[in-house]
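Residue numbers (this note's numbering), protein chains in the order written: chain A, 1 to 155; chain B, 1001 to 1157. We put the beta carbon where it would ideally sit given N, CA and C, even for glycine.
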Amino acid sequence: MLEAVQPPGGDIVKRVTGTLDIPYRFSYGAYYDRFFREMRDNKRIVGLACPKCGAVLLPPRPYCGFCYTPVDEWVELSDEGELLTWTVVHLPFIGQSTEPPYIYAFIMLDGADVQFPHILGEVEPGEVTPGMRVKAVWAEERTGTLHDIKYFRPV
Amino acid sequence: MTLQPPELIYMDGESRCDYSWTTGEVVGTFLAALRDRGKILAGVCESCGQVAVPPTSYCESCGAEIAELREVGPRGVVMSWARVGADLEGVPVAAPFRYVLVRLAGADTELLHLAPDDDRITIGATVSPEFKLQAERGGEITDIRWFVPDGAQGEGS
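Structure representation (C-alpha cells):
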C-alpha cells in the first residue's frame, strides 16, 4: 500500500528502542509513617484494630479490609509468629533486595489477623515446616523500610 | 488520628524501563525516509485531505486509514515555541534550547522538535531542519538534530 514511498534498498524502521529512568520518592503518609517509624526507632511492629469486627490489620491502613470500617486504634504486635507458607526464590528480578536463592515467607504475627510477608534466615529450605515459630531479627541500622527486619529466624 | 511527625519518612527508589516500540508501517517508513534520504514524509488522508506530520496509520482528524505518504518541507514556519533552561533527560541537546512547533511547507499539522536558543526563533519565523550526517542517523526523529532559523545554516551547532 505504501510501496510508492518505500525507500529504495532500505528496510523500514521496525523498532525504536530506549530506556526510561524514573526516579521516585514515595511518601509514606500518616499510617505507613507511624508503622515504619515504630520499626525504625523502637523495633516494634504495630497494627490497627478494627472497632467493628475486631480484626488486627497489618500493615496499617485507614479502613478495615474485612468490613470496611474506618480504623484508628493502634496496637502493638509481637515480632514473633507462625509460618503460614513459603517458597524458595531462585530467579533474580528487578527490585530484589536479597540475592537468590532465599526463602520468601508469609508469617502470621502473634496478635495479627493479616499475614506479613518477609524472608526467612538461619534456616535451610529443607528444614522449613509449616506452622513453625519464627521471630524477627532486627537490623542494626534501620531506615524505616521493611529491611529494618533483616529476616525471620526459627525460634 | 493525630500525628505530629518530627520528620517525614520517605522511600527513595528508581524504576528503569527498557522498551522496544514497534513503529508500524507508516511511522517505520517515515523514520526510514529520515535516515536513508533525509526527507520528511507526511501522511495524506484520502478522506478529509489532511496532511499530517509525523504521519500516523489512521487520520487523527477523521479516522480514515492513511494510504499515502508525501514529502513535505523541509522548510517550515514556527507556530509556537518554548525556551527550556535546564537539561532534560532524554533530550539530546544541552540547555538552553527551545522546543518548537513547526508547520512544514505542505503540511496541515505541526511537528514538535528542537531548536537552538536563538532569538530569531519566533512565531512566524521560517526554519529549516538540520539533519545529522548520514552515518550518524539511526532511524529516529532525532536524525533531525533540530530546526535552525533561515540564514543560520552552517553557523555550527
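Query raised in the report: What do you reckon, are the CB atoms on residue 1132 of chain B and residue 1145 of chain B nearer than 8 Å?
Result: Working through the second sequence from its first residue, we reach residue 1132 of chain B at position 132. Working through the second sequence from its first residue, we reach residue 1145 of chain B at position 145. When the beta-carbon positions are compared, residue 1132 of chain B and residue 1145 of chain B come within less than 8 Å of each other.
Requested in this report: Taking only the alpha-carbon atoms, compute the straight-line gap between residue 97 of chain A and residue 120 of chain A and give it to the nearest angstrom.
Outcome: Taking the first residue of the first sequence as position 1, residue 97 of chain A is located at position 97. Taking the first residue of the first sequence as position 1, residue 120 of chain A is located at position 120. About 13 Å.
Requested in this report: State yes or no: is the C-beta of residue 46 of chain A within less than 8 Å of the C-beta of residue 76 of chain A?
Outcome: The residue you call residue 46 of chain A lines up with position 46 of the first sequence. The residue you call residue 76 of chain A lines up with position 76 of the first sequence. Taking 8 Å as the cut-off, the beta carbon of residue 46 of chain A is found closer than this to the beta carbon of residue 76 of chain A.
Query raised in the report: Can residue 1009 of chain B and residue 81 of chain A be called in contact, C-beta distance under 8 Å?
Result: Along the second sequence, read from residue 1 onward, the residue named residue 1009 of chain B stands at position 9. Along the first sequence, read from residue 1 onward, the residue named residue 81 of chain A stands at position 81. Going by C-beta atoms, residue 1009 of chain B is not nearer than 8 Å to residue 81 of chain A.
Query raised in the report: Under 8 Å Cβ-Cβ, which residues of chain A neighbour residue 1023 of chain B?
Result: Indexing the second sequence from 1 puts residue 1023 of chain B at position 23. Under the 8 Å cutoff, chain A gives 12, 13, 14, 15, 16.
Report task. Would you mind telling me which residues of chain A sit closer than 9 Å to residue 1061 of chain B, beta carbon to beta carbon, in chain order? Result -> The count along the second sequence starts at 1 and reaches residue 1061 of chain B at position 61. Those within 9 Å of residue 1061 of chain B in chain A number zero; the least Cβ separation is about 19 Å.
Requested in this report: Keeping to the same chain, check which residues put their C-beta closer than 6 Å to that of residue 1097 of chain B; ignore five residues upstream and five downstream.
Outcome: In the second sequence, counting from the first residue as 1, residue 1097 of chain B sits at position 97. Sequence-distant partners of residue 1097 of chain B (beyond 5 residues in either direction) whose C-beta falls short of 6 Å from its own C-beta, in its chain, are 1084, 1114, 1117.
Query - is_contact[residue 1139 of chain B, chain A] using C-beta, thresh 8 Å - result: As a working mapping, residue 1139 of chain B is identified with position 139 in the second sequence. Flagged as an interface residue toward chain A: residue 1139 of chain B, by a C-beta distance shorter than 8 Å.
Report task. Identify which residue in B:1020, B:1125, B:1124, B:1110 has its Cα closest to the Cα of residue 1043 of chain B. Result -> In the second sequence, the residue the question calls residue 1043 of chain B occupies position 43. Answer by Cα proximity: B:1110.
Report task. For residue 1045 of chain B, go through chain A and note every residue whose CB falls closer than 8 Å to its CB, in chain order. Result -> Position 45 of the second sequence, counted from the start, is the residue given in the question as residue 1045 of chain B. Those within 8 Å of residue 1045 of chain B in chain A number zero; the least Cβ separation is about 14 Å.
Query raised in the report: Cα separation between residue 123 of chain A and residue 92 of chain A?
Result: Here residue 123 of chain A is taken as the residue at index 123 of the first sequence, counted from 1. Here residue 92 of chain A is taken as the residue at index 92 of the first sequence, counted from 1. Cα-Cα distance, rounded: 20 Å.
Query raised in the report: Per DSSP, what kind of secondary structure is residue 91 of chain A in: helix, strand or coil?
Result: Numbered from its first residue, the first sequence carries residue 91 of chain A at position 91. The answer is coil: DSSP assigns residue 91 of chain A none of H, G, I, E or B.
Query - Rounded straight-line distance, which links the Cα of residue 59 of chain A to that of residue 33 of chain A - result: Position 33 of the first sequence, counted from the start, is the residue given in the question as residue 33 of chain A. Position 59 of the first sequence, counted from the start, is the residue given in the question as residue 59 of chain A. Going by the C-alpha atoms only, they are around 11 Å apart.
Query raised in the report: Is the CB of residue 1049 of chain B under 8 Å away from at least one CB in chain A?
Result: Position 49 of the second sequence, counted from the start, is the residue given in the question as residue 1049 of chain B. Residue 1049 of chain B does not count as touching chain A.
Report task. Express the C-alpha separation of residue 127 of chain A and residue 118 of chain A in angstroms, rounding to a whole number. Result -> By one-based count along the first sequence, residue 118 of chain A stands at place 118. By one-based count along the first sequence, residue 127 of chain A stands at place 127. Those two C-alpha atoms are separated by around 17 Å.
Requested in this report: With DSSP as the reference, label residue 39 of chain A as helix, strand or coil.
Outcome: Translated into positions along the first sequence, residue 39 of chain A becomes position 39. Secondary structure of residue 39 of chain A (DSSP, three-state): helix.
Report task. Quick one: grab the DSSP three-state call for residue 156 of chain A. Result -> No answer is possible for residue 156 of chain A: the residues shown for chain A start at 1 and end at 155.
Query raised in the report: Are three or more beta carbon pairs between the stretch 37 to 44 of chain A and the stretch 1016 to 1029 of chain B nearer than 8 Å?
Result: These segments do not touch.
Requested in this report: Name, please, each residue of chain B whose Cβ falls closer than 9 Å to the Cβ of residue 28 of chain A.
Outcome: Position 28 of the first sequence, counted from the start, is the residue given in the question as residue 28 of chain A. Within chain B, the residues placing a beta-carbon under 9 Å from that of residue 28 of chain A are 1008, 1009, 1010, 1011, ordered along the chain.
**Report entry** CA-to-CA distance, residue 138 of chain A to residue 62 of chain A, given in whole angstroms
**Finding:** Locating residue 62 of chain A in the first sequence gives position 62, counting from the first residue. Locating residue 138 of chain A in the first sequence gives position 138, counting from the first residue. Between the alpha carbons of residue 62 of chain A and residue 138 of chain A lies a distance of about 26 Å.
Requested in this report: Could you pull the start and end residues of the alpha helix (DSSP H) that residue 1030 of chain B belongs to?
Outcome: Position 30 of the second sequence, counting from 1, holds the residue named residue 1030 of chain B. Judged by DSSP secondary structure, residue 1030 of chain B falls within the alpha helix (DSSP H) whose first and last residues are 1024 to 1037.
Query - Residue-chain proximity (residue 1016 of chain B, chain A), Cβ-Cβ < 8 Å - result: Numbered from 1 along the second sequence, position 16 holds the residue referred to as residue 1016 of chain B. Yes, contact with chain A.
Query - Alpha-carbon to alpha-carbon, residue 28 of chain A and residue 142 of chain A - result: If you number the first sequence from 1, residue 142 of chain A lands on position 142. If you number the first sequence from 1, residue 28 of chain A lands on position 28. One C-alpha to the other measures close to 16 Å.
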